[in-house]
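Protein chains in written order, with this note's numbering: chain L, 94 to 341; chain X, 94 to 341. The beta carbon of each residue, even a glycine, is placed where N, CA and C say it ideally should be. None of the values given here were measured: they were computed from a predicted structure. Working notes, structure below.
2 protein chains.
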Amino acid sequence: MRTHLVYAHPHHGSLNASLRDEAVQTLEGLGHTVTVSDLYAMNWKAVADFDDFGPTENEHFMAAAGEAWEKGQITEDVKAEQAKLLEADLVVLQFPLWWYTVPAIMKGWFDRVFTNGFGYSPSRDWPRFGDGVLKGKRAMVIVTTGAAESHLSDRGVNGDINDLLFPIQHGVLFYTGMAVLPPVVISGAGWQAEYADITKHLRERLENLTETEPIAYRKQSEDYDEHKRLLPGREPEGTTGFALHIAR
Amino acid sequence: MRTHLVYAHPHHGSLNASLRDEAVQTLEGLGHTVTVSDLYAMNWKAVADFDDFGPTENEHFMAAAGEAWEKGQITEDVKAEQAKLLEADLVVLQFPLWWYTVPAIMKGWFDRVFTNGFGYSPSRDWPRFGDGVLKGKRAMVIVTTGAAESHLSDRGVNGDINDLLFPIQHGVLFYTGMAVLPPVVISGAGWQAEYADITKHLRERLENLTETEPIAYRKQSEDYDEHKRLLPGREPEGTTGFALHIAR
Numbered sequence: 094m095r096t097h098l099v100y101a102h103p104h105h106g107s108l109n110a111s112l113r114d115e116a117v118q119t120l121e122g123l124g125h126t127v128t129v130s131d132l133y134a135m136n137w138k139a140v141a142d143f144d145d146f147g148p149t150e151n152e153h154f155m156a157a158a159g160e161a162w163e164k165g166q167i168t169e170d171v172k173a174e175q176a177k178l179l180e181a182d183l184v185v186l187q188f189p190l191w192w193y194t195v196p197a198i199m200k201g202w203f204d205r206v207f208t209n210g211f212g213y214s215p216s217r218d219w220p221r222f223g224d225g226v227l228k229g230k231r232a233m234v235i236v237t238t239g240a241a242e243s244h245l246s247d248r249g250v251n252g253d254i255n256d257l258l259f260p261i262q263h264g265v266l267f268y269t270g271m272a273v274l275p276p277v278v279i280s281g282a283g284w285q286a287e288y289a290d291i292t293k294h295l296r297e298r299l300e301n302l303t304e305t306e307p308i309a310y311r312k313q314s315e316d317y318d319e320h321k322r323l324l325p326g327r328e329p330e331g332t333t334g335f336a337l338h339i340a341r
Numbered sequence: 094m095r096t097h098l099v100y101a102h103p104h105h106g107s108l109n110a111s112l113r114d115e116a117v118q119t120l121e122g123l124g125h126t127v128t129v130s131d132l133y134a135m136n137w138k139a140v141a142d143f144d145d146f147g148p149t150e151n152e153h154f155m156a157a158a159g160e161a162w163e164k165g166q167i168t169e170d171v172k173a174e175q176a177k178l179l180e181a182d183l184v185v186l187q188f189p190l191w192w193y194t195v196p197a198i199m200k201g202w203f204d205r206v207f208t209n210g211f212g213y214s215p216s217r218d219w220p221r222f223g224d225g226v227l228k229g230k231r232a233m234v235i236v237t238t239g240a241a242e243s244h245l246s247d248r249g250v251n252g253d254i255n256d257l258l259f260p261i262q263h264g265v266l267f268y269t270g271m272a273v274l275p276p277v278v279i280s281g282a283g284w285q286a287e288y289a290d291i292t293k294h295l296r297e298r299l300e301n302l303t304e305t306e307p308i309a310y311r312k313q314s315e316d317y318d319e320h321k322r323l324l325p326g327r328e329p330e331g332t333t334g335f336a337l338h339i340a341r
């Protein structure tokens with residue numbers, strides 16, 4: 094098993110850094126080969142722009158990205174991440190929840206690595222949501238939140254953490270074909286959660302990776318009509334919002 | 094009326110650039126003073142890190158941010174944005190939807206501008222979700238999507254656009270106290286939507302700003318219990334997910 098862990102936190106001595114080390118150690122103990130992209134340490138370029146594409150006459154941004162992909166002109170840091178993803182069996186994203194999603198540096202990893210031709214395409218028949226370039230792999234999010242668990246619960250004012258993670262888990266990880274395991278959520282980080290409990294939970298989740306059922310997202314190729322709307326009756330009864338797209 | 098428009102698109106000749114110019118022209122025609130932060134043109138620093146905080150001994154990232162705020166040490170580019178927000182009556186965010194949220198450069202604008210002490214605080218009694226530093230102002234999102242409208246509809250595979258925008262509209266704009274107007278959503282951008290129709294719609298929305306009802310997000314101070322969970326029965330009947338938090 095190969096795991097690629099993509100990690101974003103600005104402080105090398107943070108709770109997140111300790112959890113990353115725990116995760117790497119546990120995975121290596123289980124026989125995984127682990128690669129880590131520590132985005133802050135790498136000084137990862139967060140902003141997708143024309144500099145990523147090499148020489149082009151194309152002024153349309155998405156089209157220029159597609160042309161660069163076709164010609165193999167995408168910048169080397171992006172190619173290196175794509176290669177690590179292709180080699181991995183498991184992809185882990187670890188980050189603190191900032192303004193209800195990933196820090197900008199990790200958003201920039203999505204924007205730049207999952208470029209037109211690799212991660213997506215405007216083509217109508219591009220395989221997505223259950224199919225895609227990373228099909229056959231598993232993915233998992235490890236997220237810390239300062240907010241307490243109740244604030245992120247089904248009726249919590251912040252929004253349900255599962256809904257907050259939907260654009261990442263469903264919109265990025267499942268979009269590109271990966272089976273997404275339930276996230277490891279550490280809420281009340283730094284004030285409410287006990288470190289020993291957190292690491293125990295994290296280790297247990299990692300030790301049970303292969304037996305863990307992925308989130309049962311509906312597949313675009315099977316459960317949606319020609320307008321990409323969920324077929325009638327496929328949602329769990331009484332559900333609205335993002336949870337529609339999960340078979341219970 | 095003063096409007097501050099925060100804009101993110103990498104190409105100066107894009108559909109987004111034309112719409113930004115339309116918006117500025119229309120708003121100026123209505124008598125607004127308009128400031129624009131064109132994040133790509135400004136070479137906006139996307140990544141929040143310790144360099145934003147001036148000299149500190151504090152190794153905890155959020156605490157260092159708070160200390161920098163207290164001491165007035167926050168970096169000048171962030172201070173300039175905070176000043177523009179404080180002067181504005183209306184804040185507009187305009188961006189293309191990339192991986193189901195804002196481009197990284199705009200996420201970095203959230204992460205850096207809404208820093209500890211200005212935009213949020215870990216304090217339990219910090220006013221948020223309907224109260225906050227920007228209370229009394231209005232906000233609006235203008236977003237373009239390559240995806241067709243049906244893909245972003247209530248049963249669309251991408252997720253409902255209103256849910257995709259929730260972490261931005263509710264989690265950033267309403268969190269800091271602003272009343273959030275319904276978004277201007279331009280789906281099928283570049284292939285499905287007619288430019289004349291788009292600009293007509295955009296102008297009409299801007300001309301009717303003052304009569305437009307904000308999204309009726311529930312206020313944390315009125316509609317949530319001590320655990321910040323929505324009080325029983327406050328949701329529209331039969332609703333789950335983010336839409337819970339909107340009074341219909």
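Do residue i and residue j have their C-beta atoms closer together than 8 Å?
i: residue 270/L; j: residue 223/L; result: yes
i: residue 157/L; j: residue 149/L; result: yes
i: residue 260/L; j: residue 194/X; result: yes
i: residue 333/X; j: residue 334/L; result: yes
i: residue 214/L; j: residue 174/L; result: no
i: residue 183/L; j: residue 230/L; result: yes
i: residue 191/X; j: residue 204/L; result: yes
i: residue 178/X; j: residue 227/X; result: yes
i: residue 197/X; j: residue 200/L; result: yes
What's the C-alpha gap between residue i and residue j?
i: residue 108/X; j: residue 189/X; result: 10 Å
i: residue 143/L; j: residue 160/L; result: 11 Å
i: residue 146/X; j: residue 319/L; result: 51 Å
i: residue 225/X; j: residue 279/L; result: 26 Å
i: residue 217/X; j: residue 238/L; result: 15 Å
i: residue 206/X; j: residue 171/X; result: 5 Å
i: residue 235/L; j: residue 212/L; result: 22 Å
i: residue 331/L; j: residue 98/X; result: 39 Å
i: residue 102/L; j: residue 101/X; result: 24 Å
i: residue 316/X; j: residue 133/X; result: 39 Å
i: residue 169/L; j: residue 141/L; result: 14 Å
i: residue 262/X; j: residue 299/X; result: 18 Å
i: residue 165/X; j: residue 328/X; result: 41 Å
i: residue 266/X; j: residue 272/X; result: 8 Å
i: residue 341/X; j: residue 127/L; result: 49 Å
i: residue 290/X; j: residue 324/X; result: 42 Å
i: residue 151/X; j: residue 305/L; result: 40 Å
So which of the options has the shortest CA-CA distance to residue i?
i: residue 277/X; options: 232/X, 316/X, 320/X; result: 232/X
i: residue 322/L; options: 247/X, 262/X, 331/X; result: 247/X
i: residue 202/L; options: 137/L, 302/L, 227/L; result: 137/L
i: residue 301/L; options: 274/L, 281/L, 126/L, 290/L; result: 274/L
i: residue 180/X; options: 95/X, 155/X, 305/X; result: 95/X
i: residue 110/L; options: 290/X, 153/X, 341/X; result: 153/X
i: residue 135/L; options: 155/L, 151/L, 125/L, 105/L; result: 105/L
i: residue 155/L; options: 176/L, 166/L, 208/L; result: 208/L
i: residue 268/X; options: 166/X, 329/X, 298/X, 338/X; result: 338/X
i: residue 167/L; options: 210/L, 125/L, 341/L, 304/L; result: 210/L
i: residue 344/L; options: 303/L, 176/L, 151/L, 290/L; result: Nothing can be reported for residue 344/L, as the shown portion of chain L is limited to 94 through 341.
i: residue 255/L; options: 341/L, 176/L, 127/L, 336/L; result: 336/L
Check your understanding: Is there contact here, the stretch 228 to 242 of chain X with the stretch 281 to 288 of chain X, by at least three beta-carbon pairs under 8 Å?
Key -> The stretch 228 to 242 of chain X is in contact with the stretch 281 to 288 of chain X.
**Study point:** Cβ contact (3+ pairs, closer than 8 Å) linking the stretch 248 to 256 of chain X and the stretch 291 to 304 of chain X
**Key:** no
**Study point:** Cβ contact (3+ pairs, closer than 8 Å) linking the stretch 298 to 318 of chain X and the stretch 301 to 320 of chain L
**Key:** no
Point to revise | Validate contact between the stretch 115 to 127 of chain L and the stretch 111 to 121 of chain X using beta carbons, cut 8 Å, 3 pairs | key: no
Exercise for review: Determine which residues of the stretch 305 to 325 of chain L have a Cβ less than 7 Å from any Cβ of chain X, and write them out in chain order.
Suggested key: 313, 317, 320, 321, 322, 323
Check your understanding: Using a Cβ cut-off of 8 Å, which residues of the stretch 101 to 131 of chain X contact any Cβ in chain L, in chain order?
Key -> 102, 103, 104, 106, 107
Check your understanding: Going along the chain, which residues of the stretch 180 to 197 of chain L sit with their C-beta nearer than 9 Å to a C-beta in chain X?
Key -> 189, 191, 192, 193, 194, 195, 196, 197
Check your understanding: If contact means a Cβ-Cβ distance below 8 Å, which residues of the stretch 138 to 157 of chain L contact chain X?
Key -> 139, 140, 141, 142, 143, 152, 153, 154, 155
Point to revise | Within 7 Å of chain X by C-beta, residues of the stretch 235 to 249 of chain L in sequence order | key: 239, 243, 244, 246, 248, 249
Check your understanding: Listed in chain order, which residues of the stretch 262 to 291 of chain L have Cβ atoms closer than 9 Å to some Cβ of chain X?
Key -> 263, 264, 265, 268, 283, 284
Point to revise | Within 9 Å of chain L by C-beta, residues of the stretch 196 to 224 of chain X in sequence order | key: 196, 197, 198, 199, 200, 201, 202, 203, 204, 205, 207, 212, 213, 215, 221, 222
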